[in-house]
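Chemist: What follows is a single structure, and I will ask about it in a moment.
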Amino acid sequence: MSTKISPFQVAATYIGTVVGAGFASGQEVLQFFGYFGPWGIAGLFLAGILFFYFGQIILRLGHELEADSHVPVIHYAGGKWLGTLIDYVITFFLFGALTAMVAGAGSIFFEQFRLSPLWGNALMVVATLVTVLAGISGVITAISFVVPLLLAAVLGISLYTLAVTGFDNITLTSAGTPAVPRWPLAAIVYVSYNLVMAVAILAPMGKAAEKRVLRQGALLGGLGLGVGALAILLAVLATLPGSAKFSIPMIYVAGQISPWVQTIYSIVLFAEVYTTAVGSLYGFVVRLAEPDSPRIPYIAVGASIGAFVASQFGFTNLVRVLYPAVGYAGLLMLAGLLYRTWGERLVPQPAFRKKPAQKEQPGKEEENK
Numbered sequence: 001m002s003t004k005i006s007p008f009q010v011a012a013t014y015i016g017t018v019v020g021a022g023f024a025s026g027q028e029v030l031q032f033f034g035y036f037g038p039w040g041i042a043g044l045f046l047a048g049i050l051f052f053y054f055g056q057i058i059l060r061l062g063h064e065l066e067a068d069s070h071v072p073v074i075h076y077a078g079g080k081w082l083g084t085l086i087d088y089v090i091t092f093f094l095f096g097a098l099t100a101m102v103a104g105a106g107s108i109f110f111e112q113f114r115l116s117p118l119w120g121n122a123l124m125v126v127a128t129l130v131t132v133l134a135g136i137s138g139v140i141t142a143i144s145f146v147v148p149l150l151l152a153a154v155l156g157i158s159l160y161t162l163a164v165t166g167f168d169n170i171t172l173t174s175a176g177t178p179a180v181p182r183w184p185l186a187a188i189v190y191v192s193y194n195l196v197m198a199v200a201i202l203a204p205m206g207k208a209a210e211k212r213v214l215r216q217g218a219l220l221g222g223l224g225l226g227v228g229a230l231a232i233l234l235a236v237l238a239t240l241p242g243s244a245k246f247s248i249p250m251i252y253v254a255g256q257i258s259p260w261v262q263t264i265y266s267i268v269l270f271a272e273v274y275t276t277a278v279g280s281l282y283g284f285v286v287r288l289a290e291p292d293s294p295r296i297p298y299i300a301v302g303a304s305i306g307a308f309v310a311s312q313f314g315f316t317n318l319v320r321v322l323y324p325a326v327g328y329a330g331l332l333m334l335a336g337l338l339y340r341t342w343g344e345r346l347v348p349q350p351a352f353r354k355k356p357a358q359k360e361q362p363g364k365e366e367e368n369k
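Have a look at this one:
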């Protein structure tokens, strides 16, 4: 059943699932777009279009399949065997994203406070674990507060930097080795791995709103993500080569304005890392066990320890290696969504799709209630 959710709420939730530590740090846009020079900007425009297109497909399927999780949408897109494989990829990336957040916290501690990264790693692991074990409901409020604050900080810092440095100082030349060899492929892979994470939220959200609202929300979400990423990219390029030397380039950019701005942005970024880490750990844990299962604490503790150990690989290295790898795997999901969207008339409806006749029997719905 659809509820009164506005397009702005859909867009905010969509943006919130994508805007994590990698996005806000500037490391993602630098690795995927910054090293392509002017073609990197073209890649960001393509990514914004793809965010809208595939986002509205996932939301629509979530609505039509009345999905309570990402599983019905994934199985519909990939079928039984491929859908199961994609589900495994999503579960793996939830752990990978947790690891990247723990590593990002260590980078913030080292680059901003000159403390050992281990302190940041440990604090993030403990805070995340305690939150998941105590209950996840409060995190929704935290995300709704942190995400708008983070976007405001990103846009404010980027616009100020560009106003001071001027567009003439933007380095539109290849300054390093990109994570993906070609800019169109980089845009597709960038959207792919972000949607691997976002589908876990977008699919069930599609059930709760009307199709018109979902489409408008996807459009606003894709636009917001594109504009935010472009602002970050231009600010980072305007401060090269200094910004490229840091694991968290945006902290360097903020530091060029004022030490106080740098400190405030570091705190906001750490809060965003925390909310993303909590969502990743919770999603990973409840995918392996029911929310009320006695196995939850053991899985949560084991995953937290594993993420702490894996985070020593380094935040920059994780973004460079893990994200593209998951993005390539996520191409299977995008291909499945395209195939089902354009070839749906030729493909028999899957057995798990709910039949319209079931929706037209209010008596049975009342009995189930």
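Number 107 in this note's numbering belongs to position 107 of the sequence shown; there are no gaps in the numbering. C-beta atoms are modelled at their ideal positions from N, C-alpha and C, and glycine is treated no differently.
(1) Tell me the DSSP secondary structure of Gly228 in three-state form.
(2) Does the distance from the CB of Gly380 to the CB of Leu223 come in under 9 Å?
(3) Assign Lys207 to one of three DSSP states: helix, strand, or coil.
(4) Does the beta-carbon distance from Gly206 to Leu61 come in below 9 Å?
(5) Specify the secondary structure class of Leu150 as computed by DSSP and reduced to three states.
(6) Between which two residues does the alpha helix (DSSP H) containing Thr84 stretch?
(7) Is it the case that the Cβ atoms of Leu318 and Ser311 are separated by a distance below 9 Å?
(8) Given a cut-off of 9 Å, decide if Gly226 and Gln9 are closer than it, judged by their beta-carbon atoms.
(9) Here's the rule I'm using: 16 or more other beta-carbon atoms within 10 Å means buried, otherwise exposed. How should Leu46 be labelled?
(10) In terms of residue numbering, what span does the alpha helix (DSSP H) encompassing Ala271 cover?
(11) Rounded to the nearest angstrom, what separates Gly242 and Tyr252 at their Cα positions?
(12) If you run the structure through DSSP and keep just helix, strand and coil, what is Pro362?
(13) Using the beta-carbon count (16 or more within 10 Å), is Val18 buried or exposed?
(14) Would you kindly work out how many angstroms separate the C-alpha atoms of Val125 and Ser192, rounded to a whole number?
(15) In angstroms, rounded to a whole number, what distance separates the CA positions of Leu240 and Ala67?
(16) Identify whether Gln9 lies in helix, strand or coil by the three-state DSSP scheme.
(17) Which of the three DSSP states, helix, strand or coil, is assigned to Phe308?
(18) Using beta-carbon positions only, say whether Phe284 and Ile299 come within less than 9 Å of one another.
(19) Under a Cβ-count criterion, where at least 16 other Cβ atoms within 10 Å of its own Cβ denotes burial, should Phe52 be classed as buried or exposed?
(20) Can you give me the C-alpha to C-alpha distance between Leu337 and Leu59, rounded to a whole angstrom?
(21) Can you tell me the Cα-Cα spacing of Pro294 and Val89, whole angstroms?
(22) Rounded to the nearest angstrom, what separates Ile108 and Gly120 at their Cα positions?
(23) Where Pro7 and Val164 are concerned, what is the direct C-alpha to C-alpha distance, given to the nearest angstrom?
(24) Quick check on DSSP: helix, strand or coil for Pro324?
(25) Which of helix, strand or coil does DSSP assign to Phe371?
(26) For Gly26 versus Ile248, is the C-beta spacing smaller than 9 Å?
(27) Taking the continuous alpha helix (DSSP H) assigned at Pro38, which residues delimit it?
Modeler: According to the structure data:
(1) Walking along the sequence shown from the start, residue 228 turns up at place 228. Gly228 falls in the helix class under three-state DSSP.
(2) Lying before the first or after the last residue shown, residue 380 is absent from the chain, which here runs from 1 to 369.
(3) Stepping through the sequence shown from its first residue, residue 207 is reached at position 207. Looking at Lys207 - three-state DSSP - the assignment turns out to be coil, as it is neither helix nor strand.
(4) Reading the sequence shown from its first residue, position 206 is the one you call residue 206. Reading the sequence shown from its first residue, position 61 is the one you call residue 61. Closer than 9 Å, so yes.
(5) Position 150 of the sequence shown, counted from the first residue, corresponds to residue 150. Annotated three-state conformation of Leu150 is helix, per DSSP.
(6) The residue you call residue 84 lines up with position 84 of the sequence shown. Run containing Thr84: Val71 to Phe113, per the alpha helix (DSSP H) assignment.
(7) Here residue 318 is taken as the residue at index 318 of the sequence shown, counted from 1. Here residue 311 is taken as the residue at index 311 of the sequence shown, counted from 1. Their beta carbons are under 9 Å apart, which means Leu318 touches Ser311 by this criterion.
(8) To locate residue 9, count along the sequence shown from 1; it is residue 9. To locate residue 226, count along the sequence shown from 1; it is residue 226. Gly226 sits away from Gln9, with the two beta carbons spaced by 9 Å or more.
(9) Here the question's residue 46 lines up with position 46 in the sequence shown. Taking all protein chains in view, the Cβ of Leu46 is crowded by 16 or more other Cβ atoms within 10 Å, so the residue is classified as buried.
(10) As a first step, residue 271 is located in the sequence shown; it is residue number 271 there, counting from the start. Start and end: Pro259 to Leu288.
(11) Translated into the one-based positions of the sequence shown, residue 242 becomes position 242. Translated into the one-based positions of the sequence shown, residue 252 becomes position 252. Between the alpha carbons of Gly242 and Tyr252 lies a gap of roughly 8 Å.
(12) By one-based count along the sequence shown, residue 362 stands at place 362. Reliability fails at Pro362, whose pLDDT of 47 lies under 50, so the model's placement of it is uncertain and the value that follows must be treated cautiously. Note: Pro362 maps to helix in three-state DSSP.
(13) Translated into positions along the sequence shown, residue 18 becomes position 18. Val18 comes out buried.
(14) Walking along the sequence shown from the start, residue 125 turns up at place 125. Walking along the sequence shown from the start, residue 192 turns up at place 192. Spanning the two alpha carbons is a distance of roughly 27 Å.
(15) What you label residue 240 is simply residue 240 of the sequence shown in a count that begins at 1. What you label residue 67 is simply residue 67 of the sequence shown in a count that begins at 1. Approximately 45 Å between the Cα atoms of the pair.
(16) Within the sequence shown, the letter at position 9 stands for residue 9. Of the three classes helix, strand and coil, the one that applies to Gln9 here is helix, per DSSP.
(17) Along the sequence shown, read from residue 1 onward, the residue named residue 308 stands at position 308. Assignment of Phe308 by DSSP, reduced to helix, strand and coil, places it in the helix class.
(18) Your numbering for residue 284 matches position 284 in the sequence shown. Your numbering for residue 299 matches position 299 in the sequence shown. In contact: Phe284 and Ile299 (Cβ atoms closer than 9 Å).
(19) For the purposes of this step, residue 52 is identified with residue 52 of the sequence shown, where counting begins at 1. For Phe52, the number of other beta carbons within 10 angstroms of its own is at least 16, and it is reported as buried.
(20) As a position in the sequence shown, residue 337 is number 337, starting the count at 1. As a position in the sequence shown, residue 59 is number 59, starting the count at 1. Taking the straight line joining both Cα atoms gives about 12 Å.
(21) For this step, residue 294 is matched to residue 294 along the sequence shown. For this step, residue 89 is matched to residue 89 along the sequence shown. Whole-angstrom Cα-Cα distance: 25 Å.
(22) Walking along the sequence shown from the start, residue 108 turns up at place 108. Walking along the sequence shown from the start, residue 120 turns up at place 120. Straight-line Cα distance between these residues: approximately 7 Å.
(23) Taking the first residue of the sequence shown as 1, we reach residue 7 at position 7. Taking the first residue of the sequence shown as 1, we reach residue 164 at position 164. Spanning the alpha carbons of Pro7 and Val164 requires a straight line of approximately 35 Å.
(24) By one-based count along the sequence shown, residue 324 stands at place 324. Looking at Pro324 - three-state DSSP - the assignment turns out to be helix.
(25) Shown here, the chain extends from 1 to 369; a query on residue 371 therefore has no answer.
(26) As a working mapping, residue 26 is identified with position 26 in the sequence shown. As a working mapping, residue 248 is identified with position 248 in the sequence shown. Yes, these two residues count as a Cβ contact at 9 Å.
(27) As a working mapping, residue 38 is identified with position 38 in the sequence shown. In the DSSP assignment, Pro38 falls within the unbroken alpha helix (DSSP H) covering Pro38 to Glu64.
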